[in-house]
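Peer 1: The structure that follows is given in the form of structure tokens.
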Ligand code: UDX
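Numbering (our numbering), first residue to last: 20 to 496.
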């Protein structure tokens with residue numbers, strides 16, 4: 020007799036900001052009685068195991084499995100050695116070569132693995148495939164071949180999904196690729212469900228498609244394929260992007276189920292080991308610490324820019340925790356930080372290679388977040404009611420900045436184009452962390468915090484949408 024539990028094969032995209040929500044989604048779905056086979060890339064499996072000192076017979080879901088959830092685990096190789104630098108500082112080499120090979124090779128590798136899972140799953144064969152939207156080009160042929168329902172998880176705001184979905188409209192209106200005249204100056208007011216925005220609010224690959232051509236290619240290819248998906252899940256909240264989500268729902272069955280990041284904080288999901296900041300933070304007064312992090316992808320600021328941040332921090336006189344990501348923090352400090360910075364900061368700051376960001380933002384001592392506006396960082400900041408100073412670099416970050424600063428009014432721009440100066444850094448820290456402006460911003464972010472936290476409660480929209488999605492799945496199986 021066939022097992023009545025639906026079985027989903029799940030493939031995360033191999034970056035921190037994508038893996039975290041996907042792991043949480045798996046826990047959610049497994050607790051709703053789905054069987055999950057989680058397929059991480061082998062190099063991600065190695066990083067997580069190393070960061071969390073897992074034994075050879077353990078994986079991130081061992082605890083969940085012991086608690087009774089049916090989550091299986093089957094890492095897949097991408098064909099590169101685990102220590103190959105897939106991003107590299109030279110994006111034209113490592114990153115581009117890596118993804119060129121992935122386009123050619125990876126669907127075949129996944130196909131082989133899925134064939135094995137189908138053959139060995141007995142009375143619970145997989146009937147669903149859940150992939151990150153950036154792997155929809157892997158999902159389409161495999162779902163067709165094995166008759167699997169095709170579910171796509173979008174880990175950025177629905178606004179960005181909507182704009183990407185309408186690459187054709189951007190092309191027609193000369194915004195992609197941008198053309199001088201209309202494309203440069205014109206307002207974008209034709210994306211269904213998305214309010215007016217300026218060209219500078221568009222994602223980096225739309226504004227500068229030739230800056231990292233492979234990045235643009237991945238976005239376009241993914242959105243060509245995601246149109247075949249049966250369901251789209253979004254790591255966002257209905258109350259934050261309701262017009263956009265209803266417009267998307269006219270095109271594809273759309274379920275905002277975010278913020279997915281907060282299901283089980285104890286689970287290992289970080290690709291890097293944390294430096295513990297708890298004791299230092301607990302000795303600081305409420306709302307006195309600025310947290311600074313530019314996310315998980317390679318740090319793009321140059322030495323002069325970093326020096327302006329450093330001197331601006333010293334001028335502001337706030338306490339701070341600054342994440343400067345590198346496996347060797349001493350080299351990184353030498354490379355980036357001004358030589359007199361350490362003496363200047365004394366005991367006022369911590370510079371760490373990686374930390375428990377959720378824990379830092381949750382601390383009552385944290386009063387502001389200087390962020391690159393990666394979507395997970397934005398969600399985590401909103402969840403903990405921390406106002407933001409926004410300094411976007413790449414991909415969706417300029418668009419996320421627009422949502423945070425212009426639409427939701429829970430952050431400020433660090434600078435409006437051009438090079439950032441130390442005076443601006445000090446001034447914006449004051450705006451977000453001191454006086455009446457800080458109180459006003461705190462009040463706005465509290466309203467958003469409540470929306471997010473309510474959405475996951477028993478009557479909350481995301482909670483209900485996840486149930487609706489599960490019912491929708493069962494109707495289609
Ligand atoms: C990029 C994009 O900007 C983002 O919008 C997209 O969804 C994923 O790719 P990334 O640079 O990884 O994102 O930033 P972000 O989305 O903010 O994710 C970073 C994650 O790393 C967060 O969940 C954060 O909590 C975690 N982090 C960061 C740590 O755990 N420790 C740190 O020290 C810094």
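Every residue gets a Cβ at the ideal spot worked out from N, C-alpha and C, and that includes glycine.
Since the model is a prediction, treat every value here as computed from it, not as a measurement.
How do the region 336 to 347 and the region 418 to 438 stand: do at least 3 beta-carbon pairs fall below 8 Å, yes or no?
Peer 2: Counting Cβ pairs under 8 Å, fewer than three are found: no touch.
Peer 1: Kindly indicate which residue of 157, 466 and 248 has the alpha-carbon position closest to the one of residue 124.
Peer 2: With distances taken between Cα atoms, residue 124 lies closest to 157.
Peer 1: Which class does residue 216 belong to by DSSP, given the choice of helix, strand or coil?
Peer 2: Strand at residue 216.
Peer 1: Using CA coordinates, which residue listed in 406, 484 and 475 is at the minimum distance from residue 458?
Peer 2: Measuring from the Cα of residue 458, the nearest candidate turns out to be 406.
Peer 1: On the three-state DSSP scale, how would you describe residue 462?
Peer 2: In this structure, residue 462 counts as helix in the three-state DSSP scheme.
Peer 1: Can you check which of these residues, 80, 213, 25 and 37, is closest to residue 144 by C-alpha distance?
Peer 2: Considering only alpha carbons, the answer is 25.
Peer 1: Between 55, 313 and 416, which lies nearest to residue 373 when the distance is taken from Cα to Cα?
Peer 2: Closest option to residue 373, Cα to Cα, is 313.
Peer 1: So for residue 43, helix, strand or coil by DSSP?
Peer 2: Helix, per DSSP.
Peer 1: Provide the residue span of the beta strand (DSSP E) that contains residue 250, from first to last.
Peer 2: Unbroken beta strand (DSSP E) run through residue 250: 250 to 253.
Peer 1: Determine the extent of the beta strand (DSSP E) in which residue 368 is found, giving its start and end residues.
Peer 2: Run containing residue 368: 368 to 371, per the beta strand (DSSP E) assignment.
Peer 1: Residue 28 to residue 174, Cα distance in whole Å?
Peer 2: For residue 28 and residue 174, the distance between alpha carbons rounds to 18 Å.
Peer 1: Among residues of its own chain, excluding the 5 on either side of residue 33, which ones have a beta-carbon nearer than 8 Å to its beta-carbon?
Peer 2: Within the same chain, residue 33 has close Cβ partners 59, 60, 62, 63, 97 and 105.
Peer 1: Report the CB separation of residue 492 from residue 168 in whole angstroms; it is logged as a contact under 8 Å.
Peer 2: Confirmed, about 7 Å.
Peer 1: Quick one: residues in its chain with C-beta nearer than 6 Å to the C-beta of residue 306, no 5 flanking neighbours on either side, listed in chain order?
Peer 2: For residue 306, where only same-chain residues beyond five positions count, the Cβ hits under 6 Å are 386.
Peer 1: So residue 434 is in the beta strand (DSSP E); what residue range does that whole segment cover?
Peer 2: Neither: residue 434 is in no beta strand (DSSP E) and is coded neither H nor E.
Peer 1: CB-CB under 6 Å to residue 151, same chain, minus the five flanking residues each way: which ones, in chain order?
Peer 2: Within the same chain, residue 151 has close Cβ partners 31, 32, 37 and 172.
Peer 1: Figure out for me which residue from 198, 327, 245 and 75 has the closest Cα to the Cα of residue 510.
Peer 2: No answer is possible for residue 510: the residues shown for the chain start at 20 and end at 496.
Peer 1: Name the DSSP beta bridge partners of residue 91, please?
Peer 2: Looking at the DSSP assignment, residue 91 forms a beta bridge with 56.
Peer 1: Of all the options 417, 146, 390 and 355, which has the alpha carbon lying nearest to the alpha carbon of residue 447?
Peer 2: Of 417, 146, 390 and 355, the residue nearest in Cα terms is 390.
Peer 1: Beta-carbon within less than 7 Å of residue 154's beta-carbon, same chain only, minus the 5 sequence neighbours each way: which residues are those?
Peer 2: Once the five neighbours on either side are set aside, the close Cβ partners of residue 154 are 30 and 32.
Peer 1: Is it true that the CB of residue 375 sits closer than 9 Å to the CB of residue 393?
Peer 2: It is not a contact, given that the beta carbons lie outside the stated cut-off.
Peer 1: Would you list the residues sitting across from residue 397 in a DSSP beta bridge?
Peer 2: Partner(s): none; residue 397 has no beta bridge.
Peer 1: Quick one: is residue 461 buried, meaning 16 or more other Cβ sit within 10 Å of its Cβ, or exposed?
Peer 2: Answer is buried; the Cβ neighbour count reaches 16.
Peer 1: Whose C-alpha, out of 467, 146, 289 and 490, is nearest the C-alpha of residue 41?
Peer 2: Ranking 467, 146, 289 and 490 by Cα distance to residue 41 puts 289 first.
Peer 1: Excluding five sequence neighbours on each side, which residues of the same chain lie with their C-beta closer than 6 Å to the C-beta of residue 518?
Peer 2: In the structure as shown, the chain starts at 20 and stops at 496, and residue 518 therefore has no counterpart that could be examined.
Peer 1: Between residue 30 and ligand 1, is the CB less than 8 Å from at least one heavy atom?
Peer 2: The answer is no for residue 30.
Peer 1: When the Cα of residue 292 is compared with those of 35, 71 and 48, which residue comes out closest?
Peer 2: Nearest of 35, 71 and 48 to residue 292, Cα basis: 71.
Peer 1: Would you check if the distance between the CB atom of residue 2 and the CB atom of residue 470 is smaller than 9 Å?
Peer 2: Any question about residue 2 goes unanswered here, given that the chain covers just 20 to 496.
Peer 1: For the region 260 to 285, which segments carrying the alpha helix (DSSP H) assignment without a break, of at least 4 residues, lie completely within its bounds, in sequence order?
Peer 2: As far as the region 260 to 285 is concerned, its whole alpha helix (DSSP H) runs of at least 4 residues are 261 to 268.
Peer 1: By Cβ distance below 7 Å, which residues in the same chain neighbour residue 101 in space, the five residues on each side in sequence not counted?
Peer 2: Contacts found: 61, 62 and 65.
Peer 1: Between residue 34 and ligand 2, is there a pair consisting of the residue's CB and a ligand heavy atom that are separated by less than 8 Å?
Peer 2: Of the ligands this structure carries, namely ligand 1, none is ligand 2.
Peer 1: Quick one: what's got a C-beta closer than 8 Å to residue 368's C-beta in the same chain, skipping five residues either side?
Peer 2: Closer than 8 Å at Cβ, skipping near neighbours: 332, 338, 339, 340 and 341.
Peer 1: Can you look up residue 426 in the DSSP assignment and give me helix, strand or coil?
Peer 2: Correct three-state label for residue 426: helix.
Peer 1: Would you grab the beta carbon distance between residue 480 and residue 257 for me? Rounded to a whole angstrom, and I think it's under 8 Å.
Peer 2: 4 Å between Cβ atoms; contact.
Peer 1: If you count every other CB in all the chains shown that lies within 10 Å of the CB of residue 43, and 16 or more means buried, which is it?
Peer 2: Buried, because 16 or more other Cβ atoms sit within 10 Å of the Cβ of residue 43.
Peer 1: Do residue 382 and residue 267 come within 9 Å of each other at the CB atom, strictly closer than that value?
Peer 2: Taking 9 Å as the Cβ cut-off, residue 267 and residue 382 do not qualify as a contacting pair.
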